[in-house]
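First comes the structure, then the notes that go with it.
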Amino acid sequence: MSDTPPRDRQSQINFRDAPQRFRDQHPDDKFVGASGVLFEQAMSQTRMAICLADPNADDQPIVFVNRAFTHLTGYEEHEVIGKNCRFLQGNNTDSSKVALVSDAIKKEEVVVVELLNYRKDGTPFWNALHLGPIYDETGKLLYYFGSQWDVSDVHAARADEQHAKALARELSHRIKNMFAVIGGLVTVTGRAKNFREEAAEINDRIRALGRAFETTLDEASLGSIELGDSIRSVLAPYDAEGTRIRFEGENFRVDPNIVSTVGLALHELATNAIKYGALNGPEGEVTVRWARDAETEGLDLNWIETGGPAVVQPEEEKGSGMGIIDNLLSFVGGNLERTWDPKGFSARIEIPSLR
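If you want my numbering, it's the 1-based position in the sequence shown plus 6.
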C-alpha cells in the first residue's frame, strides 16, 4: 500500500497562503493566495526547519526556506535558494537512504527518512526528513514540502545504549572464558606433588593470562584482537633487554579466545626455555614466527630456540608445561608439534580457525 494519501484528500494540499516572493515568481499559481502574510509568519516562526522545492524547474531548486532551516544548517537564505537540497549531503551520507528519497520524488509519494547531513561548517547532524508533494486544486504538482529535525541526540543515545549492551555481553563472555581456562590450569597443575612450588606456577600462568587478556578488554578491539601486539605483550617480561626474543610476523586480527590460548601457550614455552632451553644461558635466542595459513585461514606459529644448552627430550610430559599446552590447544581444535633437536628445541602450533 502506498504511503501517499489520495490526491483528492489529505495529499491534495492547497496552500493559498504564501510569501510575497512566490507571488512575483508565480503570479498565476493556485499556491499563492491573499493571505501570504499569515503563511510567511507561520513558516518563519515555527521551530521546525522547512523548505520548499520546485519540481517543475531544472534540478528541482529550493525556492523557500524558513529561519529554522538557516539556523539548523548554518547557511544564509541567499546561499540555498536556487540550489538542490543535495548540498547538505556528504561523504558519509547513506546512498541507499538518498535513493529512497529520489524514488519517492519520482513517484510523487511521501517519504520519511533519517539522513546524515552536514552543516555549512562541515559538522554532521542526523536529519529526520519528511518530504511530500503539494498539489493545486486540479491535481497539478506545484512543490515539494520538506521538514527537517535534528535528531543527533537520539542517534547518540541509541549508539551509547547499543555499545553498552555489546560491551557488557562481550565482557561477560570473555570473563566466563577466562575462568574456564583458569579452572583448567588449576586442575592440571594440581596433579603435581609439590603444591607450594606449583602454586607459584599457577600464579605465573594467571599473570600470563592477564597479559593475554589485557588487549582483549580494550573496547576498541571488541570482536577481534591484533595477534602480533598480543604476542609481544605476553613475551615482553621474558626479555627485559629486548634482545633475546625475535618476532617475525604481521599483525592481523583474531578471535579473543585465540589470543588467550596462544598467550598461555607462549608463556609455557618461555618458562620451559628459561628452565631448560635457550633462555637458560647468556647466548641463547628465541625466534617466534607466525603467519596466517593461506589454505585454511588458520594460524601457523613456530617457536625456534638456538644457542642454548644441549636439548634432551623429557621422559614424562603429563602435567608439565607441554602437557598444559596440549590441553589448551585442544579447546580451539589446535595441536602442538615438538622437535627436540640437540642444537635447539622447536615447536609448531597450528590452529585451524582464527574465528
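We put the beta carbon where it would ideally sit given N, CA and C, even for glycine.
Computed from a prediction, not measured in an experiment: that's the story for all the values here.
Collapsing the DSSP output to three states places Leu58 in a strand.
Comparing C-alpha distances from Leu270 to each of Thr129, Leu241, Cys91, Leu148 shows the shortest one belongs to Leu241. Using a Cβ-Cβ distance cut-off of 8 Å, the region 312 to 319 and the region 282 to 302 are in contact, since at least three pairs of beta carbons, one from each stretch, lie closer than that value. A residue is called buried once 16 or more other Cβ atoms fall within 10 Å of its Cβ, and Thr277 is buried on that count. Between Ile237 and Trp309, the C-beta spacing is not below 8 Å. In this structure Val338 is in contact with Asn263, their Cβ atoms being roughly 6 Å apart against a cut-off of 8 Å. In the three-state reduction of the DSSP assignment, Phe131 falls in the strand class, which pools E and B. The Cβ atoms of Glu274 and Ile355 lie no closer than 8 Å to each other. Taking a 10 Å sphere around the C-beta of Ala105, we find fewer than 16 other C-beta atoms and assign the residue as exposed. Among the bridge pairs identified by DSSP, Ser239 is matched with none. Assigned with DSSP and collapsed to three states, Asp159 falls in helix. Spatial neighbours of Lys89 in its own chain (CB-CB distance under 7 Å, excluding positions within 5 residues in sequence) are listed in chain order as Pro67, Ile68. Non-local C-beta neighbours of Asn133 in its own chain, meaning closer than 6 Å and more than five positions away in sequence, comprise Leu121, Asn123, Gln154, ordered along the chain. Here Pro262 carries a helix assignment [DSSP, helix/strand/coil].
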